[in-house]
Amino acid sequence: MHHILIVEDDFDIAEQVVLFFKASGFQTTHIADGAKVVPWVKDNHPDAIVMDIMLPNQDGVECMKQIRQFSMVPIVMVTAKVTEADRLKGLEFGADDYVCKPFSAAELVMRIKAILRRCTPTLETQQKVVVDESQLTVTICNKSLSLTKVEFDIFALLFNSPSRVFSRQQILDFIQPDNFDISDRVIDSHIKNIRKKVKQLGFSAKLIGSVYGAGYRYDAQQLEDDTN
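Under this note's numbering, think of the first position of the sequence shown as 1, with each following residue one higher.
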């Protein structure tokens with residue numbers, strides 16, 4: 001049974017969301033105080049988080065930034081803000097999805113289910129891609145994907161957190177922490193090379209997906225579509 005953390009200080013909204021998740025077979029925990037979120041996540045490891053942005057004591061974005069320092073748990077941000085800039089900011093800081101109030105609790109449950117499916121590839125899908133970090137090798141359906149060290153690092157980062165969106169800067173910080181004089185646009189070139197090599201093996205370049213204005217992610221569903 002998946003355990004969903006609901007972080008919402010409006011108790012009427014929280015009650016409705018909890019009821020819909022429980023009716024769909026999920027275990028839920030509700031927290032209304034932003035300051036209590038990060039310690040709880042560290043101790044309890046939920047399968048996904050639904051998090052309001054406007055919270056007492058610590059806002060949802062700060063909670064998410066701290067959680068992303070130790071966990072890739074899927075996070076859906078909930079807010080009354082509706083601008084594209086706010087949505088992209090949430091994605092850049094590590095959100096997997098973004099829902100604006102007022103929203104349908106039933107739709108929210110469906111979004112969480114979809115994210116959990118993407119983040120938990122089937123055994124068959126997992127066996128199709130082998131990332132060997134000791135040998136710095138990647139094979140897709142027993143075909144060797146020839147990558148440079150930097151390309152391998154990027155592919156492994158995205159692969160190990162399927163569906164999570166990484167900004168260019170986050171990828172750059174991972175592959176080269178001391179990047180004072182390097183533009184994050186260099187990541188685009190590496191992604192282009194990875195996609196080209198994936199396509200040369202006969203698979204969709206969209207295996208490494210783009211989220212406009214936010215960054216890149218590994219999309220396991222593309223491989224399922226290619227091989228079914």
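Glycine residues also receive a C-beta, built at the ideal position from the N, C-alpha and C atoms.
Item, Value
"Quick one: grab the DSSP three-state call for Q27.", "strand"
"Going by CA-CA distance only, name the one from I194, Y98, A105 that's closest to R164.", "Y98"
"Under a three-way DSSP split, which group does H2 fall into?", "coil"
"Can you give the Cα-Cα distance for Q69 and S167, rounded to whole angstroms?", "15 Å"
"Looking at the unbroken alpha helix (DSSP H) that takes in L55, where does it start and where does it end?", "L55 -> no alpha helix (DSSP H), and no H or E assigned at all."
"Exposed or buried, which one is E133 when buried takes at least 16 other CB atoms within 10 Å?", "exposed"
"Go through the stretch 137-217 residue by residue and report every complete run of the beta strand (DSSP E) that reaches 3 residues or more, in order.", "137-140, 143-145, 208-211"
"State yes or no: is the C-beta of L91 within less than 7 Å of the C-beta of A214?", "yes"
"Could you give the distance in angstroms between the alpha-carbon of T79 and the alpha-carbon of K101?", "6 Å"
"Any idea what DSSP makes of D43, helix, strand or coil?", "helix"
"For the putative contact between Q169 and D153, defined by C-beta atoms under 8 Å, what is the C-beta separation to the nearest angstrom?", "Between D153 and Q169 the Cβ distance is about 15 Å, and since that is not below 8 Å, they are no contact."
"Going by DSSP, which residues form a beta bridge with M77?", "M51, Y98"
"Based on Cα-Cα distance, which residue from V17, L207, F11 lies nearest to A106?", "V17"
"Got a sec, what are the start and stop residues for the alpha helix (DSSP H) K65 sits in?", "60-67"
"If we count the other Cβ atoms within 10 Å of its Cβ and call it buried at 16 or more, is F11 buried or exposed?", "exposed"
"Which of the three DSSP states, helix, strand or coil, is assigned to D132?", "strand"
"Who are the near neighbours of T122 in its chain, counting only those whose CB is closer than 6 Å to its CB and skipping five residues on each side?", "Because the pLDDT at T122 is just 49, under 50, the model does not fix this residue reliably, and the value given afterwards should be weighed accordingly. For T122, where only same-chain residues beyond five positions count, there are no Cβ hits under 6 Å."
"Once you ignore the five residues that flank S71 on each side, which residues in its own chain have a CB closer than 7 Å to its CB?", "V41"
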